[in-house]
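K.L.:
Counting from 5, one number per residue, gives the positions in the sequence shown under my numbering.
By construction, the Cβ of each residue, glycine as well, lies at the ideal position given by its N, Cα and C atoms.
I have a structure here, written as structure tokens, and I will follow up with some questions on it.
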Amino acid sequence: MQTILLVDPETDFLEWAQNQLETPSTKVLTATTADEGYKIYISENPDLLISETHLVPFSGLELLARVRQRDSNALVILMSAFGTTQSVIESMKLGAFDYLRKESLPFNLKPVVDAALTAQAEMRLATAFKPQLTVEQYQDSLVGQSPPMQQVFKMVGRVSHSDAPVMITGESGSGKELVARAIHHYSNRSSQSFIAINCAAIPENLLESELFGHEKGAFTGAASQRIGRFEQSDRGTLFLDEIGDMPLTVQSKILRVLQEGEFSRVGGNATIKTDVRIIAATNKTLEQEVAKKQFREDLFYRLNVVRIHLPPLRQRREDIRLLAEYFLKKIATQKHLPQLTLSSEAVKVLEEYPWPGNVRELENTIQRACVLATGDVLLPKDLPLGDASAKLEPEPPSVPARGTHEAKPTLESAVEILLDAASSDHTLQLLPWLEREFTLFAMKRTRGNQVKAAKLLGVTRATLRKRIERYGITKELNFQ
């Protein structure tokens, strides 16, 4: 006979759930308050605890913490009709088996409970520990209520307590660095440095020095000793973004750090010990890169210990409104602007747009809409997307007729706008983004003529081809 304890303030829900779960071999106990539930747990020692998060006199998270402190192998499922990102992550970090939204219970409750009751071995791996930083210090940076994002939050909670390498995959702009920062924030290393480096944005001949540092005189221009990112992030977390673009020569050195925990600066002989957690991210399929001999197989398996896939925004459309409203609030606070709201028609336009640039594109769209809006409510006409079903092209800048005195945008003002956008979007790598946009527009202007586009950009055709392949530009060119 297995025993399940249900804790929820609503007696109607308790009756429904009891009918769903009780069988000849499963006994279901119920409680309506957290303290009553904890007393029953102590006296009955059930196989599984299922609890609402909003309880009195203390929360379901506190009940989870008390139960897990008493028994580190306790199986606990939390549920809520109004779950937040923080409560999902916090519950998984405290060792919850799962976190369910109440609207999904008719479909998910029984399968999850069945899995929980047969998962004692898995739950022994979960370790409860208290966060070193408050949840408020990372509030709302990850936003989403869709099932795919709920799985991401759960994985963040599960992996944060270990030092295992993590591989984050997903399309460009989907928020991979935010996930990496969340893992660091909820880890035991949260009081130490989190350093991010974009492997695709640094020239090959400088990347090794950037990562490992160099000694004075190691190469032309090395006028003084430089401390690399591995030394700077000692006892902290190093985030290697776009690791699929890392040169093979540097990959071998990364492998040594993962295997031995040591490295040498460029031009130096001294061995330097380091204790760094590596989180890597890529928008490439590394298995394919390994097959093409573009990525070391041994390094791939070292980095791919835990994998978190971040779905593109078009696959989690129920998050679009939440994200848009979050960005409206964020921009209003940062820029000291009036708080705007979205009309239902504007929400529909946002939800129907395919978002090839993912969350980053959505934030930039909302930022532009805030600047261009003429009222307190954003309408479809205020959104720079226009017709959501069209393949949108940015409007070319208007050129005043000869003899007119209309003000023209200056290079300085354009740079200021770009720098403001980069400062408000910490995931935006400005120079790689500019490189991609200039390449894309040059290809569009020359209607795909690589010779003319390379000449327009002032680069060789070989360099242009590398950029086209790196940024996946070919699929965006559709000439009639």
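#1: Under the DSSP definition of a beta bridge, which residues are partnered with Gln6?
#2: Rounded to whole angstroms, what is the Cα-Cα separation between Thr345 and Glu365?
#3: With DSSP run on the structure shown, which of helix, strand or coil describes Lys296?
#4: Is the Cβ-Cβ distance between Leu59 and Ala38 less than 7 Å?
#5: Do you know whose CA, among Glu266, Val381, Leu444, Gly177, lies nearest Pro360's CA?
#6: Verify whether the separation of the beta carbon atoms of Val270 and Ala222 is less than 7 Å.
#7: Report the partner residues of Val183 according to the DSSP bridge assignment.
#8: So, using beta-carbon positions, are Phe331 and Glu356 closer together than 7 Å?
#9: For the alpha helix (DSSP H) containing Arg471, list its first residue and its last residue.
#10: Could you tell me whether the region 154-166 touches the region 287-297, where touching means 3 or more Cβ pairs closer than 8 Å?
#11: If you draw a straight line from the C-alpha of Gln6 to the C-alpha of Lys31, how long is it?
#12: List the endpoints of the continuous alpha helix (DSSP H) containing Glu14.
#13: Under 6 Å Cβ to Cβ from Arg471, same chain only, skipping five residues before and after it: list those, please.
#14: Look at Leu52 and Ala119 and say whether their C-beta atoms are less than 7 Å apart.
#15: Quick check: what's the CA-CA separation for Glu40 versus Ser55?
#16: CA-CA distance, Pro13 and Pro50?
#17: Assuming Gly232 contacts Leu215 under a Cβ cut-off of 8 Å, what Cβ separation, rounded to an integer in Å, is found between them?
#18: Cα-Cα, which of Ile477, Ala466, Phe304 is closest to Ala446?
#19: Using the C-alpha atoms, what's the distance from Asn362 back to Ala392?
#20: Under a Cβ-count criterion, where at least 16 other Cβ atoms within 10 Å of its own Cβ denotes burial, should Asp245 be classed as buried or exposed?
#21: Let's test the definition: count the other Cβ atoms within 10 Å of the Cβ of Asp102 and tell me whether it reaches 16, buried, or not, exposed.
#22: Looking at Tyr45: is its Cβ nearer than 7 Å to the Cβ of Leu9?
#23: Can the beta-carbon of Arg281 be found closer than 7 Å to that of Asp386?
#24: To the nearest angstrom, how far is the alpha carbon of Ala285 from that of Lys456?
#25: Taking the alpha-carbon of Thr369 as reference, which of Ala377, Leu389, Val351 has the nearest alpha-carbon?
#26: Smallest Cα separation from Gln203: which of Tyr190, Asn287, Ser194?
#27: I want to see whether chain B comes within less than 7 Å of Ser268, judged by CB atoms only; does it?
#28: Could you give the first and the last residue of the continuous beta strand (DSSP E) run that contains Phe243?
#29: How about Lys180 and Leu314: do their beta carbons lie closer than 7 Å?
#30: In chain order, what residues of the same chain have a beta carbon less than 6 Å from the beta carbon of His218, not counting five sequence neighbours either side?
#31: Would you report the Cα separation of Leu146 and Cys374, rounded to the nearest angstrom?
#32: Starting from Asp102, trace the beta strand (DSSP E) in both directions and tell me its first and last residue.
#33: Whose C-alpha, out of Phe198, Arg474, Arg306, Met153, is nearest the C-alpha of Gln319?
#34: Could you say which of Tyr42, Lys106, Ile201 lies nearest to Leu82 if we only look at CA atoms?
#35: Would Ala78 be called buried (16 or more neighbouring beta carbons within 10 Å of its own) or exposed?
#36: Could you tell me which residues DSSP pairs with Lys277 in its beta bridges?
P.N.:
From the atom records:
#1: Per DSSP, the beta-bridge partners of Gln6 are Thr30.
#2: Here the alpha carbons of Glu365 and Thr345 stand approximately 19 Å from one another.
#3: coil
#4: yes
#5: Gly177
#6: In this structure, Val270 sits near Ala222, with a CB-CB distance shorter than 7 Å.
#7: According to DSSP, Val183 bridges with nothing at all.
#8: no
#9: 465-475
#10: no
#11: Those two C-alpha atoms are separated by around 6 Å.
#12: Note, Glu14: premise wrong, no alpha helix (DSSP H); not H, not E.
#13: Cβ neighbours of Arg471 within its own chain (closer than 6 Å, five residues either side excluded): Thr443.
#14: In this structure, Leu52 lies away from Ala119, with their beta-carbon atoms at least 7 Å apart.
#15: Using only the alpha carbons, I get a separation of about 12 Å.
#16: 19 Å
#17: So it is a contact: roughly 5 Å between Cβ atoms.
#18: Ile477
#19: Since pLDDT at Ala392 reaches only 39, below the 50 mark, its modelled position is unreliable, and the value read off the structure follows with that caveat. Cα-Cα distance, rounded: 14 Å.
#20: buried
#21: buried
#22: yes
#23: no
#24: Lys456 has its alpha-carbon roughly 34 Å from the corresponding atom of Ala285.
#25: Taking each of Ala377, Leu389, Val351 in turn and checking the Cα distance to Thr369, the smallest one comes out for Leu389.
#26: It is Cys, not Gln, that sits at residue 203 in the sequence shown. Ranking Tyr190, Asn287, Ser194 by Cα distance to Cys203 puts Asn287 first.
#27: The structure shown has no chain B; it contains just one protein chain.
#28: From DSSP, the beta strand (DSSP E) with Phe243 extends over 241-245.
#29: Between Lys180 and Leu314, the C-beta spacing is below 7 Å.
#30: Ala226, Arg230, Arg269, Val270, Gly271
#31: 21 Å
#32: 102-105
#33: Met153
#34: Lys106
#35: buried
#36: Glu266
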